[in-house]
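Residue numbers (our numbering): 702 to 1640.
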């Protein structure tokens, strides 16, 4: 068994015993838990319910005794009888609860007995109550009271029996829980003891089997002689576990060490031989120094090389002549007599000539016995080996060396000679070059004398050129300095370029984050608009209904309703201001450039603000210069909103004096210091002057920031949010214009608006093009409750009474209101029912579809868009998809009026679109149109 399996067996046994012990403990704990649960949640509840029944029963008994008393009045008797009846209901309810929760037959019998006794008691109690209601005295009720007393004792006895039975069950469950706890403790103690014994036995078995194998391996390892690794001992493998793997690995390591040791010995021998060769090559190289003649070179080479090669005879031949006349002449020799060897030979003559021709070395080991060239003082001896080696330089044989030895030349000696011959050719050529140089030197000395004269002549020319060279060097130094400056500037430019690149990447990241933030902000504003307008819708409708003159409310209550309605309109104005400002900040405000008739502007301003001036006793006039063109290209709605906000501020902060509006053509030169005037056909200047409180110089820039006014006192005295001027400034920027203020505290202010005429509109950049409109609801509604711009006759001019007066057109018309907000349903239902209409309601799209399928008398549907389960879009699509209701008017109502929602509603099947909070007269007008037209298919 492997070591890993042994460990798995040991720990598996431990885990198995632990798991068994844990399962036993969990089982017993669950048993205890069930007993405790039965005691607390079951028995205790039943006992508690029984006690409550007894309390109600006792109270009823007391009230009967109290009611029978002749000294109390009729009102007190009625009160007591009412209490008795209520207690009867409670007791019956509690008995029914106990009947449902009892789970034992004896308990069920006790409950049935209690129910029967109490039923009998209730009959008697009812007779007593009836007698009391008939006005009978206490003496007339003695028999019934005695009967009631006996039945009361039976009921009380039944309650006590049931309570005692449940308490007995609680005691039994508690006893079982204690016994289970004691069993758990015994089981834990026995299990822990068994686990300790099993762990001890398995660990002893694991440790003994492991140590035995490890000791055998250790004893073999200690026998290894690290100084002699040729033959290492081996471990005899007996097991197939991890320890056996260790022994096998040791045997493989021993075999590898033996091979490595042998390779190391061979490598050491080879290195020694290479050192021997390199050392002698160094000696030969040192010998080549300061040799200037071929004879000296030949004598030194053959005299030094022959003993190093272990030879006894050596001859050095040098090449003389070129071509066919070339021959090799004996230049020097070692231990050579005059009669031994040739004095000269040509290429191809004899073995030595053939070696020179073939440029290959040759070793002759089979030398004949009569070949005696080696001589000593005692005689002549034949060599055993002859080595003939040509010296080659640039693929040409320049010399030949022949050596004879008593011993065979070894491979080391042969390798050494070949290495010497590699450099010998270069040395021979070098020495021959020096000889040639000496010859040429003698010739050059003669020529030098002739050139000396010419040199003196050139000296003067050289001095002139030296001066020119110094001048050129100065210029080169200046150029070098300029080049260094340019390189430094280039490095600075590259550094700045890298900084700009990093800044560009940071700006791109910030742009992505800003775009994401704008998206979240737009979604938040749209959802917040829905959440604020939904409750505001019911506030405005109900307060408008309560404030009408025909209402049953008192005059003061009607005034209260008017104040609520006015406050609601102010809250709507604040919501619109915040939405407009936020849309401008994130670049999502739509600007539509079109023709505008400027000649109508004075009349429009006068009509909308004349009544305000009269009410405050102010002089108000509007002046337009004659040279102002009648047609002007801008966003008319935004321009009117700017002027409306500025005039509203002027009337708010002006108590006495006058307010004037002056419309004229602006001078482009005057505008140049504030804004770029390129691309406009003309500029319009509108000045609004007042004699109000004025603005300090230090606050004239602060007032254009959101939620800011001149100071805290101004905000407390005049109210407002501080958004009007901020919106005006941002709208002016959208129209590519500008807004300035000139004011003196205590004397008044002049706000001047400059607007360009742009027939072609604005060329949108990538950022502007991507920031499409997401307009909140009620964009065409007036921001202030006192002033508004409308080109069409205003429906608001009708009185509240006239608005809510029943119309014959609406009589008996059935309208289905679909909305998930009960407040809106309540408000619309009351408002439309006053017009004589029948109202059906649905809380979501699914209910709407069910009602439409069942009721075919519906004349119109008011459909909310944002609803749970099924929204208004899907509901309208399903209604239209049937084909049966294509002509039914469906009016879409929503508080989340984003850009494109109107088109989306009409595309889904809506006949018309009204945004929340609703104007009741506006809703009635839309209904009047569609109910009058009858069958008009949706767009």
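We treat Cβ as the ideally placed atom computed from N, Cα and C, and that holds for glycine. All values reported here derive from a predicted model rather than from experimental measurement.
Segment limits, beta strand (DSSP E) that includes residue 1029: 1028 to 1035
Buried/exposed call for residue 1262, threshold 16 Cβ in 10 Å: buried
Residue 1454 - DSSP class collapsed to helix/strand/coil: strand
Inter-stretch contact (C-beta, 8 Å, three-pair minimum) for the segment 1363 to 1373 and the segment 1325 to 1343: yes
Cutoff 6 Å; reference residue 1121; Cβ partners in own chain excluding five residues on either side: 985
Other residues of its chain near residue 1415: CB distance less than 6 Å, five sequence neighbours each side excluded: Its pLDDT being 43, under 50, residue 1415 is placed unreliably in this model, and the value from its coordinates should be taken loosely. Cβ within range, chain order: n/a, list empty.
Whole beta strand (DSSP E) elements within the segment 1575 to 1619, 3-residue minimum: 1591 to 1595, 1613 to 1616
Residue 1363, enclosing beta strand (DSSP E) - first and last residue: 1359 to 1366
Delimiting residues of the alpha helix (DSSP H) encompassing residue 1352: 1337 to 1353
For residue 1543, the nearest candidate out of 1037, 1525, 710 (CA to CA): 1525
Residue 967, enclosing alpha helix (DSSP H) - first and last residue: 943 to 988
Burial state of residue 1066 (16 or more Cβ within 10 Å): exposed
Buried/exposed call for residue 716, threshold 16 Cβ in 10 Å: exposed
Euclidean distance between Cα positions of residue 857 and residue 882: 38 Å
Contacting residues, own chain, Cβ-Cβ under 6 Å from residue 1211 (five flanking each side not counted): none
Cβ shell of residue 1686 (< 6 Å), same chain only, five flanking positions each side left out: Nothing about residue 1686 can be reported from this structure: the residues present for the chain run from 702 to 1640 only.
Same chain, Cβ closer than 7 Å to residue 1498, neighbours up to 5 away in sequence not counted: Residue placement at residue 1498 is poorly supported in this model, since its pLDDT is 37, which falls under 50; the coordinates still yield a value, given next. The answer is none, since no qualifying residue turns up.
Pairwise C-alpha distance: residue 973 and residue 1099: 32 Å
Per-residue burial, residue 646 [other beta carbons within 10 Å of its own, 16 or more giving buried]: Nothing in the structure corresponds to residue 646, since the chain is present only between 702 and 1640.
Between the CA atoms of residue 860 and residue 802 - distance to the nearest angstrom: 16 Å
Any 3 or more C-beta pairs closer than 8 Å across the segment 974 to 993 and the segment 940 to 950: no
Range of the contiguous beta strand (DSSP E) that encloses residue 671: This structure leaves residue 671 out entirely; the chain is present only between 702 and 1640.
Candidates 1217, 1460, 1403, 1255, of which the one nearest residue 1295 by Cα: 1460
Segment limits, alpha helix (DSSP H) that includes residue 900: 843 to 923
Short Cβ contact (7 Å threshold) for residue 1611 with residue 1590: no
Cβ neighbour criterion (16 or more within 10 Å) applied to residue 1092: buried
Neighbourhood of residue 1592 by C-beta distance below 8 Å, restricted to the same chain and skipping five residues each side: 1561, 1562, 1563, 1564, 1611, 1612, 1613, 1614, 1615, 1624, 1627, 1628, 1631
Bridge partners - residue 663, DSSP secondary structure assignment: Limits of the chain in this structure are 702 at one end and 1640 at the other, which puts residue 663 out of reach.
Three-state secondary structure assigned by DSSP to residue 1329: coil
Inter-residue Cα distance where the pair is residue 723 and residue 1566: 58 Å
Cβ pair residue 1447, residue 1393 closer than 7 Å: no
Given residue 1379 as reference, the closest of 1351, 1458, 1353 once Cα atoms are compared: 1458
Given residue 660 as reference, the closest of 1215, 763, 867, 787 once Cα atoms are compared: What is shown of the chain runs 702 to 1640, which leaves residue 660 out entirely.
Unbroken stretches of the alpha helix (DSSP H), 4 residues or longer, contained in the segment 797 to 838: 806 to 834
Simplified DSSP assignment, three categories, for residue 1116: helix
Residue 1559, buried or exposed, once every other Cβ within 10 Å from all chains shown has been counted against 16: buried
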